[in-house]
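As you go down the protein sequences, you meet chains A and Z in turn.
Note that UniProt numbering has the first sequence beginning at 1, numbered continuously upward.
Note that UniProt numbering has the second sequence beginning at 1, numbered continuously upward.
For glycine and all other residues, C-beta sits at the position ideal for the given N, C-alpha and C.
On a predicted model such as this, the values are computed, not experimentally measured, just so you know.
I have placed the structure first, in the form of structure tokens, so that the comments after it can refer back to it.
2 protein chains.
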Amino acid sequence: MLRPPPLLLLLTRCSAAARRFLSASRQGQGQGRAVGSVLKTPKGTRDHPPAQAALRERLLGTVVACFKRHGAAAIDTPVLELRETLMGKYGDNAKLIYELQDQGGELLALRYDLTVPFARYLAMNKITNIKRYHIAKVYRRDNPAMTRGRYREFYQCDFDIAGQFDPMIPDAECLKIVHEILSDLQLGDFLIKVNDRRILDGMFAVCGVPDSKFRTICSSVDKLDKVPWEEVKNEMVGEKGLSPEAADRIGEYVQLHGGLDLIEQLLQDPKLSQNKLAKEGLGDMKLLFEYLTLFGITGKISFDLSLARGLDYYTGVIYEAVLLQQQNDHVEDPVSIGSVAGGGRYDGLVGMFDPKGRKVPCVGVSIGIERIFSILEQRVEASEEKIRTTETQVLVASAQKKLLEERLKLISELWDAGIKAEILYKKNPKLLNQLQYCEETGIPLVAIVGEQELKDGVVKLRDVATREEVNIRRENLIEEIRMRTSQL
Amino acid sequence: MLRPPPLLLLLTRCSAAARRFLSASRQGQGQGRAVGSVLKTPKGTRDHPPAQAALRERLLGTVVACFKRHGAAAIDTPVLELRETLMGKYGDNAKLIYELQDQGGELLALRYDLTVPFARYLAMNKITNIKRYHIAKVYRRDNPAMTRGRYREFYQCDFDIAGQFDPMIPDAECLKIVHEILSDLQLGDFLIKVNDRRILDGMFAVCGVPDSKFRTICSSVDKLDKVPWEEVKNEMVGEKGLSPEAADRIGEYVQLHGGLDLIEQLLQDPKLSQNKLAKEGLGDMKLLFEYLTLFGITGKISFDLSLARGLDYYTGVIYEAVLLQQQNDHVEDPVSIGSVAGGGRYDGLVGMFDPKGRKVPCVGVSIGIERIFSILEQRVEASEEKIRTTETQVLVASAQKKLLEERLKLISELWDAGIKAEILYKKNPKLLNQLQYCEETGIPLVAIVGEQELKDGVVKLRDVATREEVNIRRENLIEEIRMRTSQL
Chain A
1 MLRPPPLLLL LTRCSAAARR FLSASRQGQG QGRAVGSVLK TPKGTRDHPP
51 AQAALRERLL GTVVACFKRH GAAAIDTPVL ELRETLMGKY GDNAKLIYEL
101 QDQGGELLAL RYDLTVPFAR YLAMNKITNI KRYHIAKVYR RDNPAMTRGR
151 YREFYQCDFD IAGQFDPMIP DAECLKIVHE ILSDLQLGDF LIKVNDRRIL
201 DGMFAVCGVP DSKFRTICSS VDKLDKVPWE EVKNEMVGEK GLSPEAADRI
251 GEYVQLHGGL DLIEQLLQDP KLSQNKLAKE GLGDMKLLFE YLTLFGITGK
301 ISFDLSLARG LDYYTGVIYE AVLLQQQNDH VEDPVSIGSV AGGGRYDGLV
351 GMFDPKGRKV PCVGVSIGIE RIFSILEQRV EASEEKIRTT ETQVLVASAQ
401 KKLLEERLKL ISELWDAGIK AEILYKKNPK LLNQLQYCEE TGIPLVAIVG
451 EQELKDGVVK LRDVATREEV NIRRENLIEE IRMRTSQL
Chain Z
1 MLRPPPLLLL LTRCSAAARR FLSASRQGQG QGRAVGSVLK TPKGTRDHPP
51 AQAALRERLL GTVVACFKRH GAAAIDTPVL ELRETLMGKY GDNAKLIYEL
101 QDQGGELLAL RYDLTVPFAR YLAMNKITNI KRYHIAKVYR RDNPAMTRGR
151 YREFYQCDFD IAGQFDPMIP DAECLKIVHE ILSDLQLGDF LIKVNDRRIL
201 DGMFAVCGVP DSKFRTICSS VDKLDKVPWE EVKNEMVGEK GLSPEAADRI
251 GEYVQLHGGL DLIEQLLQDP KLSQNKLAKE GLGDMKLLFE YLTLFGITGK
301 ISFDLSLARG LDYYTGVIYE AVLLQQQNDH VEDPVSIGSV AGGGRYDGLV
351 GMFDPKGRKV PCVGVSIGIE RIFSILEQRV EASEEKIRTT ETQVLVASAQ
401 KKLLEERLKL ISELWDAGIK AEILYKKNPK LLNQLQYCEE TGIPLVAIVG
451 EQELKDGVVK LRDVATREEV NIRRENLIEE IRMRTSQL
């Protein structure tokens, strides 16, 4: 297996320092030029100290490896966009967009997601065909719930395939990617729910929902993963003016979930099979499941008529991955503990930017990296071991005083040979302090220079874990360090 | 050598696509919901298409490898900071800070650099000892000069050592890092100029500059790399009210540059040697050069009394690296073609944030990644070859129709084994189109399934460059692909 080692193997060691991960912003009264100022990061944002940054680097490494395995190229777009680029794309959520002060010149805003800038990029450069990933921060003036991984500044990890292709092949690959990433991360059991906006719209039509109410009823359905049907029905009937009969018909459909068998059943459904949109959607869903069967991943995929997704711009297949947890000692089905990935097909968004309205069909997936990160953080917190924040292979140390020059000469040789090496920034550090530094930071080797070693043309190489020491001829030192740290 | 291969070896192949690198923002009149809107990125910002993103990933890879080789941990801080955190840190440049609109809640701004947020982070978390790097975007409402790598949104690459240590050891390491990175990047000849704020201040004092004019005269000296001495003198005397005699005395010092010999000479200088600050600075400069001699890098280091650096917060050693170019057919010294790294010691900045004013001495270096990137971009533009934007090892192709299912089965096996693989998203793609896709995107291998191969339990593996084809038993395919692409 060339695949990267499962992330959790890398996470089996965590530290007290790591347990300070979720450290609340400490406030203080400033002095000097900062007198009276509040010492904190803005609401809903946080610093990433080294242990967190290292954990995030590994997590993103797993995700990027998967995106690259599927042939995606990286792109980057500015954090700043023209305000007008973002306007009219997010419905009610537009109020969550951070706007910049008018300081003369263009009116700017911070990007709300990576999808709208991607569509702007495609239209601006007349690109009709690309497979790209983009991992970057986005900004939302939302109510933060930081312990659950909800921030005002947070990373999105997006993979999208743009272009006119044969049906459901790129869509199936997106689901394969979600399956691979959640498997690689070893987060526990998961389920990927799949539906199609055309099936939803067809269903609304045959249930007697007026066309004008499709979107708003769809957003009621979207709440079904959080509130019971009765509440959703009350919203539909009470707030949104749907007839109770139509709501009840919807209620029957949205409790359905299954696989190919359910698709076949609905293709025979006397009402749905008469609706053009629903029929198209069901036909594509069948094709999708055939491809997912070839990928061998249908065991974790559920065609679920209650899945609606919040965003307006989806036009076809939609999906959402949730982590599952077995209820304590019950025999019931495992329950969802939160969404960790989502996406779908959006064939109209690029056309909104194109001067001639030319469409570029797109399908994509966004990995909910902040939620996954907060789950990993909690595991790290709960564990007791140490996570390394540096990759240093060897500390260059001295056993006696007046050897700073010799340490500097040796470490310079090591750096030039590509060895990751450190020294303590003291003229005459105590050997004990140098060894302690290795234990604290996880440096596996110490190269010790001393009067006798210099005379003999050797360096004493100490294994920090076993405390074994052996003299290595100076000319063999680099090779020996490489050999000993090659599996790290 | 375990060091990464020199970047330019990776850059020897570039493409027409790559030459579209500096593509200007194309404007267009929007239709649909975006009617009348301008299709562009904000002034001074740009998208990074795949070829650019790939080049940047390699460049940053070289820089990060060096930072990690020196034992630095990564940290991250928000793009947003409280306005008051940034106020009073940048002097006149404060007008270049992007401020967010007051949308209720805290008053926010976009970070201007990574150093002030780093100092805020240290004070907030009471950290007195850390070696960290941080690579991230910063924002300045400056006049962009995009072809020379000057943007309003741009990356900074910072490495800093915070803590109370014995003199000049971390300072010397920062210079070693600049030397390593500029050597690894093979950008051509370079020179690292070094000076010390204490030497400058001592020099101003002995030349008769009043204390109150130190900073403003310092910023005049800072212009010496761009304008001739006569102009700088005019500014000092005409605009800033310095006496012509004092200016002339400064003029004599600032033309001095050299190595240990110059340091020794100035330590004997009848005026400078009487000044406490200058003496301290010169003593440390001597120590620094001794350490740099042990590192073997004094050949590219110049103690230069004209180096002043713009920022207020430096308190000790300062440095700046410039690329050199031999003047056409002259025998003169090579001339500077621009600064690509800079930094210095700032022992007071953290104390500005600490409630009790506690100081944390810091020294650091910032790699001018945008300028380096624009130099590399121009080289890519000038060359004719192709830069790969993906890492795909193999395209799974079919020679006949009706083999989509077989392609999906095979590619799924490859993905699960960690092989980077793609297929064309067509039911029945032509073999020629599949081979062309490989040539265009640089995919080195094609795994071809056909009726006969399926019967024989083999896959035809084609080398795109040599066009050689060989049948590989299906169970050996993964190993064969790994073997053939292991050096890529």
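query: How long is the line joining the alpha carbons of residue 317 of chain A and residue 371 of chain A, rounded to whole angstroms?
result: If I take the Cα positions, the gap works out to 23 angstroms.
- Message: I want to see whether chain Z comes within less than 8 angstroms of residue 399 of chain A, judged by CB atoms only; does it?
- Response: no
- Message: For residue 48 of chain Z, would you say it is in contact with chain A, using Cβ-to-Cβ distances shorter than 8 angstroms as the test?
- Response: Yes - at least one Cβ of chain A is within 8 angstroms of the one on residue 48 of chain Z.
When the Cα atoms are used, what is the spatial distance from residue 356 of chain A to residue 139 of chain Z? Looking at the backbone, the Cα of residue 356 of chain A and that of residue 139 of chain Z are separated by about 34 angstroms.
Query raised in the report: Looking only at C-alpha atoms, which of A:137, A:107, A:281, A:116 sits nearest to residue 201 of chain A?
Result: A:281
*Nearest to residue 94 of chain A by CA position, among A:129, A:69, A:142, A:52, is which residue?*
The residue with the shortest Cα to Cα distance from residue 94 of chain A is A:142.
Checklist entry - So which residues of chain Z does residue 489 of chain A contact, with C-beta pairs closer than 9 angstroms? => result Residue 489 of chain A falls outside the range modelled here, since chain A spans only 1 to 488, and no answer is possible.
**Inside the segment 50-116 of chain Z only - beta strand (DSSP E) runs reaching at least 3 residues** = 80-82, 108-110
Could you please give me the residues that DSSP links to residue 174 of chain Z through a beta bridge?
Looking at the DSSP assignment, residue 174 of chain Z forms no beta bridge with any residue, so it has no partner.
TODO: With DSSP as the reference, label residue 476 of chain A as helix, strand or coil.
DONE: Residue 476 of chain A: helix per DSSP, three-state reduction.
Between residue 274 of chain A and chain Z, is the shortest Cβ-Cβ distance under 8 angstroms, so that the two count as touching? no
Exercise for the section: Enumerate in chain order the residues of its own chain whose CB-to-CB distance from residue 149 of chain A is below 6 angstroms, with the five nearest sequence positions on each side excluded. Expected result: The residues are 370, 371, 374.
- Quick one: is residue 229 of chain Z near chain A, going by C-beta distance under 8 angstroms? False, the Cβ-Cβ gap to chain A never drops below 8 angstroms.
Problem - Terminal residues of the alpha helix (DSSP H) in which residue 434 of chain Z lies - result: 431-441
message = Between the alpha carbons of residue 397 of chain A and residue 407 of chain A, how many angstroms are there, rounded?
response = 7 angstroms
Practice prompt. Please list the partners that residue 265 of chain Z has in chain A, where partner means a Cβ-to-Cβ separation under 9 angstroms.
Written response: Correct list: empty, because the minimum Cβ distance to chain A is about 24 angstroms.
**Message:** Across the segment 64-83 of chain Z and the segment 128-138 of chain Z, are there enough close Cβ pairs to call them in contact, namely three or more that are closer than 8 angstroms?
**Reply:** yes
- prompt: Alpha carbon to alpha carbon, how far is residue 7 of chain A from residue 181 of chain A?
  reply: Interpretation of residue 7 of chain A is limited by its pLDDT of 47, a score under 50 that renders its predicted location unreliable; no figure is taken from the coordinates.
| Considering only residues of the same chain and omitting the five flanking positions on each side of residue 260 of chain Z, which have a CB-CB separation below 6 angstroms? | 289
By Cβ distance below 8 angstroms, which residues in the same chain neighbour residue 277 of chain Z in space, the five residues on each side in sequence not counted?
198, 199, 201, 202, 205
When you compare the CB positions of residue 347 of chain A and residue 194 of chain A, do they come within less than 8 angstroms of one another, or not?
no
Would you please verify whether the beta carbon of residue 112 of chain Z is less than 8 angstroms from any beta carbon of chain A? no
Check your understanding: Can the beta-carbon of residue 159 of chain Z be found less than 8 angstroms from the beta-carbon of residue 459 of chain Z?
Key -> no
TODO: Could you name the residues of chain B that residue 412 of chain A contacts, counting a contact when the two beta carbons are closer than 8 angstroms?
DONE: The structure shown contains no chain B; its protein chains are A and Z.
**Message:** Let me make sure I understand the geometry here. Which of A:68, A:292, A:323, A:85 has the alpha-carbon closest to that of residue 190 of chain A?
**Reply:** A:323
- request: Pull up the CB-CB distance for residue 108 of chain A and residue 42 of chain Z, whole angstroms please, since I reckon it's below 8 angstroms.
  value: Sure, about 5 angstroms apart at Cβ, within 8 angstroms.
Given a threshold of 16 other Cβ atoms within 10 Å of its Cβ, counted over all protein chains shown, does residue 44 of chain A qualify as buried or as exposed?
-> Looking at its Cβ environment, which holds 16 or more other Cβ atoms inside 10 Å, residue 44 of chain A is buried.
Requested in this report: Could you pull the start and end residues of the alpha helix (DSSP H) that residue 372 of chain Z belongs to?
Outcome: 369-382 is the extent of the alpha helix (DSSP H) around residue 372 of chain Z.
How many angstroms separate the CA atom of residue 464 of chain Z from the CA atom of residue 476 of chain Z? 19 angstroms
Give the residues of chain Z in contact with residue 203 of chain A, contact being defined as C-beta atoms less than 7 angstroms apart.
For residue 203 of chain A, none of the residues of chain Z pass the 7 angstroms Cβ criterion, the least Cβ distance being about 27 angstroms.
Q.
Among A:99, A:279, A:353, whose alpha-carbon lies nearest the alpha-carbon of residue 38 of chain Z?
A. A:353
Exercise. Is there contact between the segment 79-91 of chain Z and the segment 54-66 of chain Z, where contact requires at least three CB pairs shorter than 8 angstroms?
Worked result: no
- [ ] Give me the Cα-Cα distance between residue 238 of chain A and residue 118 of chain A, rounded to the nearest whole angstrom.
- [x] 39 angstroms
**Study point:** 8 angstroms Cβ cutoff, residue 321 of chain Z in contact with chain A
**Key:** For residue 321 of chain Z, the answer is no, since every Cβ of chain A falls outside 8 angstroms of its Cβ.
* Asked: Just to confirm, are residue 451 of chain A and residue 400 of chain A a CB contact at a threshold of 8 angstroms?
  -> yes
query: Out of curiosity, what's the CA-to-CA distance linking residue 179 of chain A and residue 167 of chain A?
result: 20 angstroms
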